[in-house]
Amino acid sequence: MQLPRQVRMVEVGPRDGLQNEAQIMPAATKIALIEQLADAGLCVVEAGSFVSPKWIPQMADTAEVMAGLKRKPGVSYPVLVPNMKGLAAALAAGVEEIAIFAAASESFSQRNINCSIAESLARFAPVAEAAHRHRLRLRGYISCVVDCPYEGPIAPASVADVAARLLAMGCYEISLGDTIGTGTPGRIEAMIERVAEAVPRERLAVHFHDTYGQALANILASLEQGIAVIDSSVAGLGGCPYARGASGNVASEDVLYLLSGLGIRTGVDLARLAAAGRFISQALGREPASKVARALAARAA
Ligand code: HMG
Ligand code: MG
6 MQLPRQVRMV EVGPRDGLQN EAQIMPAATK IALIEQLADA GLCVVEAGSF
56 VSPKWIPQMA DTAEVMAGLK RKPGVSYPVL VPNMKGLAAA LAAGVEEIAI
106 FAAASESFSQ RNINCSIAES LARFAPVAEA AHRHRLRLRG YISCVVDCPY
156 EGPIAPASVA DVAARLLAMG CYEISLGDTI GTGTPGRIEA MIERVAEAVP
206 RERLAVHFHD TYGQALANIL ASLEQGIAVI DSSVAGLGGC PYARGASGNV
256 ASEDVLYLLS GLGIRTGVDL ARLAAAGRFI SQALGREPAS KVARALAARA
306 A
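Heads up: the sequence shown begins at 6 in this note's numbering, then just goes up one per residue.
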């Protein structure tokens, strides 16, 4: 299959990244980060989540972040919503896009959102219905599309089943999450081929954590499978609080360097993206995990 000419990069660092940092970043720092990411040309910047603050205290100030953010026309700032309570908070904050998040693994679903897959889908149905009534864009996530930290390998058919359900609920896009980063290109290809029987490829996105250093290889395999939406976190921030040992998302700078090298358009400026990565890494007191960001910094020194 021909590689896509254009890719939409979905920046998840301010949510997926910062939700897993031991240090809680102040709302002002999150706002500055999100604004820098939008200024770098990203047209989707996930801004936070309306989940239980007891479960994820790092995201407890999402309403404050949304209130303080200068929203750029043409940029979407989605937030994660697990239930109707989260939806009410999202509506109060004036969000225009939400994401619901399910799993292809029963044990992960229990640990992450305290219910079975079937219960989670039943819980999301009224959220999706209300989202449509309020004209919010609705994205869907599926975790553990390759392996589960508690159950091991997950059958591609299970991923396809959940994907079909999320599509039927009205998700405009479904992001396939390799939550613990164990996937390799052959398994990713097989999984996408199976899911594509249930959901058109143009409605799929990929979401790789880079725990085993396979994310860029998996992204190339996904592009070859006709996927043109890629989630990533600036500076490689992130992980998952319910998947021990899971490292950050693939770094946005590294994804952009790969895509540019392949001649694929994204509309994102590497220097500005790397500057946003340096900003948040400094706030966290460490180096960016992105190899490209480090190489650029070394070249500039
Ligand atoms: P629960 O304990 O079963 O829920 O949690 P509950 O309905 O029984 O409520 C318990 C308490 O939570 C109550 O408060 C509720 O009011 C409160 P209390 O009476 O004890 O004071 N509560 C809420 N508070 C604020 N906002 C809400 C909300 N809902 C209930 N929306 C629940 C169920 C889903 C709420 C909980 O498990 C939860 O919040 N989980 C969050 C999990 C999470 O955010 N995980 C990380 C995101 S997913 C991810 O990172 C994967 C992804 O990146 C893809 C990949 O890589 O795989 C997307
Ligand atoms: Mg994730």
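Cβ atoms here follow ideal geometry from the backbone N, Cα and C, with glycine treated the same way.
beta-carbon residue i near the ligand MG non-hydrogen atom, thresh 7 Å
i      : result
His137 : no
Asn117 : no
Asp21  : yes
Asn223 : no
Thr184 : yes
Buried or exposed (CB count within 10 angstroms, at least 16 for buried), residue i
i      : result
Gln11  : exposed
Ala240 : buried
Ser265 : exposed
Pro246 : Residue placement at Pro246 is poorly supported in this model, since its pLDDT is 48, which falls under 50; the coordinates still yield a value, given next. Pro246 is exposed by the Cβ-count criterion.
Arg283 : buried
Pro293 : buried
Gln219 : buried
Arg20  : buried
Gln7   : exposed
Glu156 : exposed
Ala123 : exposed
Which residues DSSP lists as bridging residue i, in chain order
i      : result
Ala256 : Ser238
Gln11  : Arg270
Arg142 : Glu102
Gly182 : His212
Ala108 : Ser148
Val84  : Gly53 and Ile103
Val157 : The identity of residue 157 in the sequence shown is Gly, whereas the question assumes Val. Answer by DSSP bridge pairing, in chain order: Cys153.
Glu16  : Val50 and Ser237
Inter-residue spacing [alpha-carbon to alpha-carbon] between residue i and residue j
i      : j      : result
Ser112 : Tyr217 : 22 Å
Ile185 : Glu51  : 20 Å
Ala305 : Leu23  : 27 Å
Glu207 : Ser227 : 12 Å
Ala303 : Met14  : 25 Å
Met71  : Ala98  : 6 Å
Lys3   : His139 : Residue 3 cannot be examined here, being either before or after the span of the chain that is shown, 6 to 306.
Ala127 : Ala104 : 15 Å
Leu289 : Gln28  : 7 Å
Leu74  : Ala281 : 16 Å
Gly145 : Cys176 : 6 Å
Val211 : Ala136 : 23 Å
Val150 : Met174 : 19 Å
Residue i Cβ short of 7 Å to the ligand HMG heavy atom set
i      : result
Tyr177 : no
Lys59  : yes
Pro83  : no
Lys90  : yes
Ala94  : yes
C-beta neighbour in chain D for residue i, strict 8 Å
i      : result
Arg304 : Annotation note: the requested chain D is absent from the structure, which comprises a single protein chain.
(request) Determine contact between the segment 193-206 and the segment 160-176, defined as no fewer than three beta-carbon pairs at a distance below 8 Å. (result) yes
(message) I want to know whether the segment 25-32 touches the segment 50-69 - three or more CB-CB distances under 8 Å.
(response) yes
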